[in-house]
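Colleague: Provided herewith is a single structure, encoded as structure tokens, for subsequent inquiry.
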Amino acid sequence: MATASTTHTSGQRKKKGRTRRTGRRDPLAVKLLKQDHREVEGWFDEYEQLDAEQEKLELFNKIALALKVHTKIEEEIFYAEERGVVEDDLLDEAQVEHDGAKKMIAEIEAMQPSDDLYDAKVKVLGEYIKHHVKEEEQPGGIFAQAKRGDPDLDAMGERLEARKEELMAQLGGEKAH
6 MATASTTHTS GQRKKKGRTR RTGRRDPLAV KLLKQDHREV EGWFDEYEQL
56 DAEQEKLELF NKIALALKVH TKIEEEIFYA EERGVVEDDL LDEAQVEHDG
106 AKKMIAEIEA MQPSDDLYDA KVKVLGEYIK HHVKEEEQPG GIFAQAKRGD
156 PDLDAMGERL EARKEELMAQ LGGEKAH
């Protein structure tokens, strides 16, 4: 009986060890930015299933707000502080991709779901964002370089989180006008 208990305990240890290593893999800054990525990707997938124009408009507004806040915190904090740690070319390309996404968001916001090309523009924006996310998250990408070179990504994560809350309140409130 003691053997079964020991086996069970050592199995638990192994399981806890895997969980702990997985938890350590991404520092808070990277973890938060990846969570934003997954959330928005899910919303784009959800959008594809919608038929009602009001539902499309509401979900797109949610996507647009999340993307505006995410790009702002990445630019103001993550990209700015990772200059010199992450290759400049990667950060420059990411900034240009953000600028392109902002333009597409503004175009879509000026439209109605009943307009020609509305759904097509939302779909292309989603594909554009997925491409951008893939580049940030790939081995050798911005996140990988940051994790290798910046020892304080947990503290940065706290700043990202605080700024995100501030912007969500500010921009989310503006949306109500």
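In the working numbering, the protein residues as written are 6 to 182.
Glycine included, C-beta positions come from ideal geometry on N, C-alpha and C.
1) With 16 other CB atoms within 10 Å as the buried threshold, where does Pro32 fall?
2) Given 8 angstroms as the limit, is there contact between the region 157–165 and the region 67–75, that is, 3 or more CB pairs closer than that?
3) Buried or exposed for Asp104, please, with buried defined as at least 16 other CB atoms from any protein chain shown within 10 angstroms of its CB.
4) Between the Cα of Glu58 and the Cα atoms of Asp124, Leu172 and Phe148, which residue gives the shortest distance?
5) My output table needs one value for Val91: the three-state DSSP class, helix, strand or coil.
6) Would you report the Cα separation of Glu171 and Lys107, rounded to the nearest angstrom?
7) Determine contact between the region 37–47 and the region 112–128, defined as no fewer than three beta-carbon pairs at a distance below 8 angstroms.
8) Hey, out of Val91, Glu80, Val101 and Val45, whose CA is closest to Arg153's CA?
9) What whole-angstrom Cβ distance do Leu70 and Lys61 have, given they're in contact under 8 angstroms?
10) How should Gly89 be labelled, buried or exposed, when 16 other C-beta atoms within 10 angstroms of its C-beta is the threshold for buried?
11) Have a look at Val101, Glu86 and Glu81 and flag the residue whose alpha-carbon is nearest the alpha-carbon of Gln150.
12) Starting from Gly37, follow the alpha helix (DSSP H) in both directions and report where the run begins and ends.
13) According to the neighbour-count rule (16 or more other Cβ atoms, all chains shown, within 10 Å of its Cβ), is Lys169 buried or exposed?
14) Tell me whether Gly162 is buried or exposed, calling it buried when 16 or more other Cβ atoms sit within 10 Å of its Cβ.
15) Here's the rule I'm using: 16 or more other beta-carbon atoms within 10 Å means buried, otherwise exposed. How should Ala99 be labelled?
16) I'd like to know whether the C-beta atoms of Leu64 and Glu51 end up nearer to each other than 8 angstroms.
17) Using 8 angstroms as the threshold, is the C-beta distance between Lys135 and Glu46 below it?
18) Hey, which unbroken runs of the alpha helix (DSSP H) at 4 residues or more fall wholly within the region 52–77?
Modeller: On the basis of the coordinates in this document:
1) Residue mapping note: residue 32 aligns to position 27 of the sequence shown, counting from 1. Answer is buried; the Cβ neighbour count reaches 16.
2) no
3) Stepping through the sequence shown from its first residue, residue 104 is reached at position 99. By the 10 Å Cβ count, Asp104 comes out exposed.
4) Your numbering for residue 58 matches position 53 in the sequence shown. For Glu58, the nearest C-alpha among the options comes from Asp124.
5) In the sequence shown, residue 91 corresponds to position 86, counting from 1. Val91: strand per DSSP, three-state reduction.
6) Walking along the sequence shown from the start, residue 171 turns up at place 166. Walking along the sequence shown from the start, residue 107 turns up at place 102. Straight-line Cα distance between these residues: approximately 20 angstroms.
7) no
8) Here residue 153 refers to the residue found at position 148 when the sequence shown is read from its first residue. Considering only alpha carbons, the answer is Val91.
9) Locating residue 70 in the sequence shown gives position 65, counting from the first residue. Locating residue 61 in the sequence shown gives position 56, counting from the first residue. Not a contact, Cβ separation roughly 15 angstroms.
10) To locate residue 89, count along the sequence shown from 1; it is residue 84. Gly89 is exposed by the Cβ-count criterion.
11) As a position in the sequence shown, residue 150 is number 145, starting the count at 1. The shortest C-alpha separation from Gln150 is found at Glu86.
12) Locating residue 37 in the sequence shown gives position 32, where the first residue counts as 1. Here residue 37 turns out to be Leu, not Gly, going by the sequence shown. Note, Leu37: alpha helix (DSSP H), Leu33 to Glu53.
13) Position 164 of the sequence shown, counted from the first residue, corresponds to residue 169. With 16 or more other Cβ atoms within 10 Å, it is buried.
14) To locate residue 162, count along the sequence shown from 1; it is residue 157. By the 10 Å Cβ count, Gly162 comes out buried.
15) As a position in the sequence shown, residue 99 is number 94, starting the count at 1. By the 10 Å Cβ count, Ala99 comes out buried.
16) Your numbering for residue 64 matches position 59 in the sequence shown. Your numbering for residue 51 matches position 46 in the sequence shown. Yes, the pair counts as a contact, with Cβ atoms nearer than the cut-off.
17) Locating residue 135 in the sequence shown gives position 130, where the first residue counts as 1. Locating residue 46 in the sequence shown gives position 41, where the first residue counts as 1. Yes, the Cβ-Cβ distance between Lys135 and Glu46 is below 8 angstroms.
18) none
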